[in-house]
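Shown next, in structure tokens, is the structure this report addresses.
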Amino acid sequence: MTPDIPAIQTQDLSKLYDNGRGCRNITLSIGQGEAFGFLGPNGAGKSTFVKTLVGLVRASGGAGTLLGNPIGSLEARRHIGYLPELYRYPEWLSGEEVMKMHAGLLSLRGEEARKRIRAGLDEVGIGKRGSDRVKQYSKGMQQRLGLACALLGDPQILFLDEPSSAMDPVGRREVRELLLELKKRGKTLFLNSHLMEDVETVCDRMALMLNGDMIRGGTVADMLKVKIRWRFKVGGFSPVLLDWLREESRLNVGMAQPQDAAPTSWEAPVWLEAELDGEEQAGLLNLLIVEQGMTLYESAMHREKLEDWFLEAVAGRDQRGEQR
Ligand SMILES: Nc1ncnc2c1ncn2[C@@H]1O[C@H](COP(=O)(O)OP(=O)(O)OP(=O)(O)O)[C@@H](O)[C@H]1O
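Plus 636 on top of the position in the sequence shown (first one is 1) and you've got our numbering.
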């Protein structure tokens, strides 16, 4: 495989359904071995874009290639694994039988197929339940099975549409670890997710979709350079101390929003909030609070950085995706 050919490349790629919804004019280039995250609210067009890339729906405009091969072509499909967002496996089949069915589609047979099926089920953590029927699987286990199917052909590019949405926090973490491992093995990952933490941990670059358009994009590191919000729960507080804190730290410290963190009585601890560039500044404020004889009950980041970014980006925008 020529390393400088992009794994995924699109130029003004659009897929508009008869009702005018879908995704439009998406231009992207994703290198081999890169992990790319698509974020966006429900109905933004993320799944439509992925379905167009994997060749499940035909583009209405623009062009795209996977490892240099036109999207939808057999050669492009040979290199991909796809975990759709909504899927149902026949309930009467066992996990192993579902995998066997997929192995058949990949022309894998005999011992090679058996080996890969066993390893695949183990890798996603359901190896011991492989002979159980799908109807006995929890939603999270079905999602793990879907992931194992997507990995069965050892694809170069993995398209994962909400890969851990049905999982509990432990399952999500395991999937994140698996994705990081796949990245280490040089796989290209395209991840659609509502879960900021998935994108933040796994992806190198990301973009935000809204109403069918890609409205913002960049490296995850750049996106995380936005200010962070930090909260301090302090006792023995007085307004004079707040002025002093501001002056000493030269930071933007204030009382936290009363509706979020109202004190219950005058003596009760109060919440302060600061907009910071990094954790070191929180350390400085901790120190100054204690130095002034206030009691520091709690000091923690208030909101996910990426979540802030996401909320800020969609704030005030009309979101047509979910509307009639
Ligand atoms: N087959 C279809 N026919 C007509 N409209 C569709 C079809 N599939 C999706 N849409 C519409 O296209 C828009 C984008 O849907 P899409 O499923 O791509 O969004 P999404 O970002 O993946 O959302 P979610 O996170 O909820 O899956 C939505 O308004 C949706 O209602």
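All residues carry an ideal CB built from backbone N, CA and C; glycine is no exception.
For residue 875, which three-state DSSP category applies?
The residue you call residue 875 lines up with position 239 of the sequence shown. Residue state, collapsed to three classes: helix.
Which partner residues does residue 662 have in the DSSP bridge list?
Sequence index remark: in the sequence shown, residue 662 carries index 26 (1-based). When DSSP reads this structure, residue 662 sits in a beta bridge with 649.
Does DSSP put residue 680 in a helix, in a strand, or in coil?
Counting from 1 along the sequence shown, the entry for residue 680 is found at position 44. The answer is coil: DSSP assigns residue 680 none of H, G, I, E or B.
Does residue 803 pass the burial test, meaning 16 or more other C-beta atoms within 10 Å, or should it be called exposed?
Taking the sequence shown and counting its residues from 1, one reaches residue 803 at position 167. By the 10 Å Cβ count, residue 803 comes out buried.
Tell me whether residue 828 sits in a helix, a strand or coil according to DSSP, three-state version.
Against the sequence shown, residue 828 aligns to sequence position 192. If DSSP states are grouped into helix, strand and coil, residue 828 belongs with the strands.
Whose C-beta lies closer than 6 Å to the C-beta of residue 760 among residues of the same chain, with five residues either side of it excluded?
Against the sequence shown, residue 760 aligns to sequence position 124. Taken in chain order, the residues that qualify are 780, 783 and 784.
Excluding the five sequence neighbours on either side, which residues of its own chain have a C-beta within less than 6 Å of the C-beta of residue 696, listed in chain order?
Start at 1 with the first residue of the sequence shown, and residue 696 comes out as number 60. Hits under 6 Å: 650, 651 and 652.
Once you ignore the five residues that flank residue 827 on each side, which residues in its own chain have a CB closer than 8 Å to its CB?
Position 191 of the sequence shown, counted from the start, is the residue given in the question as residue 827. The residues are 671, 672, 673, 674, 796, 799, 815, 834, 835, 838 and 839.
Given that a residue counts as buried once 16 or more other Cβ atoms are within 10 Å of its Cβ, and exposed if not, what is residue 824?
On the sequence shown, residue 824 is found 188 positions in, with the first residue counted as 1. So residue 824 ends up on the buried side.
Can you give the beta carbon distance from residue 851 to residue 912, rounded, assuming they're within the 8 Å contact cut?
Residue numbering aside, residue 851 sits at position 215 when the sequence shown is read from its first letter. Residue numbering aside, residue 912 sits at position 276 when the sequence shown is read from its first letter. Wrong, their Cβ atoms sit about 26 Å apart, outside the cutoff.
Look at the Cβ atom of residue 868, then the Cβ atom of residue 831, and state whether they are nearer than 9 Å.
As a first step, residue 868 must be located in the sequence shown, where it is residue number 232. As a first step, residue 831 must be located in the sequence shown, where it is residue number 195. No, the Cβ-Cβ distance between residue 868 and residue 831 is not below 9 Å.
In chain order, what are the residue ranges of uninterrupted alpha helix (DSSP H) at least 4 long that sit wholly in the stretch 717-778?
For the alpha helix (DSSP H) assignment, the uninterrupted runs of no fewer than 4 residues enclosed by the stretch 717-778 are, from N- to C-terminal side, 731-741 and 746-759.
Buried or exposed: residue 608, going by 16 or more other Cβ atoms within 10 Å of its Cβ?
Any question about residue 608 goes unanswered here, given that the chain covers just 637 to 960.
Take every Cβ of the stretch 758-775, pair it with every Cβ of the stretch 719-735, and state whether three or more of those distances are shorter than 8 Å.
The answer is yes - the stretch 719-735 touches the stretch 758-775, with three or more Cβ pairs under 8 Å.
Given that a residue counts as buried once 16 or more other Cβ atoms are within 10 Å of its Cβ, and exposed if not, what is residue 930?
Here residue 930 refers to the residue found at position 294 of the sequence shown. With 16 or more Cβ atoms within 10 Å of its Cβ, residue 930 is classed as buried.
Output yes or no for whether 9 Å exceeds the beta carbon distance between residue 892 and residue 876.
As a position in the sequence shown, residue 892 is number 256, starting the count at 1. As a position in the sequence shown, residue 876 is number 240, starting the count at 1. In this structure, residue 876 does not lie closer than 9 Å to residue 892 by Cβ.
Beta-carbon separation of residue 642 and residue 666 under 9 Å?
Here residue 642 corresponds to residue number 6 of the sequence shown, with the count starting at 1. Here residue 666 corresponds to residue number 30 of the sequence shown, with the count starting at 1. Yes, these two residues count as a Cβ contact at 9 Å.
Just to confirm before moving on: does the CB-CB distance between residue 788 and residue 739 stay below 9 Å?
Working through the sequence shown from its first residue, we reach residue 788 at position 152. Working through the sequence shown from its first residue, we reach residue 739 at position 103. Judged by beta-carbon spacing, residue 739 lies within the 9 Å limit of residue 788, meaning their Cβ atoms are closer than that value.
Should residue 829 be labelled buried (16 or more other beta-carbon atoms within 10 Å of its own) or exposed?
Position 193 of the sequence shown, counted from the start, is the residue given in the question as residue 829. Burial check for residue 829: the Cβ neighbour count within 10 Å reaches 16 or more, so the residue is buried.
Excluding sequence positions up to five away, which residues of its chain have a Cβ less than 6 Å from the Cβ of residue 701?
On the sequence shown, residue 701 is found 65 positions in, with the first residue counted as 1. These residues qualify, in order along the chain: 645.
In the DSSP output, what is residue 864 paired with across the bridge?
Looking up residue 864 in the sequence shown gives position 228. Answer by DSSP bridge pairing, in chain order: 912.
Are there 16 or more other CB atoms within 10 angstroms of the CB of residue 743, so buried, or fewer, so exposed?
What you label residue 743 is simply residue 107 of the sequence shown in a count that begins at 1. Exposed, by the Cβ-count rule.
Roughly how many whole angstroms lie between the Cα atoms of residue 871 and residue 807?
Stepping through the sequence shown from its first residue, residue 871 is reached at position 235. Stepping through the sequence shown from its first residue, residue 807 is reached at position 171. Near 39 Å, if we compare the C-alpha coordinates of residue 807 and residue 871.
Who are the near neighbours of residue 721 in its chain, counting only those whose CB is closer than 8 Å to its CB and skipping five residues on each side?
Taking the first residue of the sequence shown as position 1, residue 721 is located at position 85. Cβ neighbours of residue 721 beyond the five flanking positions: 683, 797, 798, 801 and 828.
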